[in-house]
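In what follows, a structure is listed as structure tokens, so that the remarks can point back to it.
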Amino acid sequence: MSDSENFTDETSVITCDMNGTVQQYSADAEALFGWTAQEVIGKMSVAWFHVPKNVPTLVPRLLREAIEKGKFEEEVTLMRKDGATFQAILTVRPVIRDGRQIGFMGMTKPLTPPTRVPVEKMWFQALRAPFLIASVIPVLVGALAAWTIRGAFNPSFFVLCLLGAMSIHLGANMANDAWDYRSGNDLAVRHLNPFAGGGRVLLRGVLSVRTHLIVALAFLTAGSLIGLYLVTQVGLPLFLLGLFGVAIAYSYVGPPFRLAHHGLGEIAVALEFGPVTVLGTYFVLARAFDPPAIVLSLSLGVLVAGILWINEVPDIPADASVGKRTLVVRLGVARATTAFASLIAAVYVVLLVGVLF
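Each residue of the sequence shown is one higher than the last, beginning at 6 in this note's numbering.
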């Protein structure tokens with residue numbers, strides 16, 4: 006089906022409650038956005054109709070303007086279920102009942118036909134490629150530590166470490182999105198941002214769960230094969246570390262362990278992007294596990310876990326609704342905020358201990 010099929014130039018009407026959850030969804034909205042009323046009413050946030058990168062800035066602004074001025078009206082870029090985008094005039098007004106605001110009404114007048122998302126952009130989004138920095142940095146830290154502490158560096162092994170870590174990371178991204186989709190977690194996310202809601206291509210029907218899992222398996226296999234080759238070059242300790250790393254990457258939300266659902270996800274991330282990746286790279290290049298490298302790996306792991314921690318706070322309602330009992334869900338916003346400060350302080354404590362001893 007082409008992007009223009011069933012597309013309407015009629016003004017659509019959508020209403021939502023104060024949390025942004027869709028309450029009413031006109032037939033013209035179905036034709037315009039591609040979602041059915043059954044899919045969205047009471048289930049989806051209106052944020053899903055916006056381009057993800059615009060959600061953190063545009064949505065709060067339009068809601069604030071609608072409340073303060075009684076009306077928001079502006080040309081914006083909106084998104085269909087299949088990921089195609091179009092320009093439209095969006096008008097948002099508060100919905101008042103018995104003198105109290107109970108939600109918002111949005112009217113959308115399309116200005117242009119939808120533009121299909123390029124295939125390469127779709128895969129870029131599905132793989133969540135920008136987050137590869139989280140696996141690249143630990144490899145760089147491990148390599149720099151090996152050079153600084155032992156004067157050891159092998160360009161070929163370094164590149165293989167980098168490719169292996171990135172492959173495992175991409176495989177984990179695809180697998181985790183598939184499991185989160187099946188659990189209903191991604192659809193339950195109300196406050197969309199680049200760190201929440203997964204790659205979103207599953208919810209939009211652009212790729213299937215089966216495709217996600219096949220690609221995940223391919224990347225995890227590629228990363229494992231690279232690791233096995235390096236094991237033949239440097240020894241068994243790397244095998245044990247790598248096996249642990251692959252298991253964590255898959256089991257973050259994958260069955261049967263589903264670590265994130267049992268309050269172990271933050272610890273898993275700290276281990277994966279800290280000791281596993283940093284020390285794995287260090288061992289490949291230096292053939293040893295030296296105390297300074299261990300300190301660096303722990304501090305970096307805690308920092309990455311801190312990034313995950315703070316981004317889990319807006320997802321508390323969504324995670325709790327599907328039984329994803331992260332540590333942040335278990336603690337609640339107030340205690341999680343205090344714990345975050347302690348987490349960051351722990352980084353400096355670890356580094357200080359490393360310097361002193």
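Every residue, glycine too, gets a C-beta built ideally from N, C-alpha and C.
- Taking a contact to require three or more Cβ pairs closer than 8 Å, the region 18 to 33 and the region 41 to 49 qualify as touching.
- The beta carbons of G147 and G285 sit about 7 Å from each other, so the pair counts as a contact at 8 Å.
- In terms of Cβ geometry, G169 and I231 form a close pair [threshold 8 Å].
- Contact check for V100 against F109 passes: the beta carbons are separated by less than 8 Å.
- When L83, G306 and F77 are compared, the shortest CA-CA separation from W53 is found for L83.
- Per DSSP, E15 is not a residue of any alpha helix (DSSP H), being assigned neither H nor E.
- Residue state for R66 is assigned as helix, using DSSP reduced to three classes.
- Residue environment for A93: buried (at least 16 other C-beta atoms within 10 angstroms of its C-beta).
- Here the alpha carbons of V300 and V360 stand approximately 9 Å from one another.
- Assigned with DSSP and collapsed to three states, S229 falls in helix.
- Among the bridge pairs identified by DSSP, M110 is matched with T20 and R98.
- Taking 8 Å as the upper bound for CB-CB distance, I253 and L276 are in contact here, some 6 Å apart.
- For the pair L37 and P118, the CB atoms are not nearer than the 8 Å cut-off.
- Straight across, the Cα-Cα distance linking Q106 with V81 is about 24 Å.
- Of the residues P65, K86 and R85, the one whose Cα lies closest to the Cα of F77 is P65.
- The beta-carbon distance between H217 and L225, rounded to whole angstroms, is 12 Å. This is too long to meet the 8 Å contact definition.
- Residue state for V27 is assigned as strand, using DSSP reduced to three classes.
- Taking a contact as a CB-CB distance under 8 Å, the pair T331 and E271 counts as one, their CB atoms being some 7 Å apart.
- When DSSP states are grouped into helix, strand and coil, L116 belongs to the coil group.
- The three-state secondary structure of L83, taken from DSSP, is strand.
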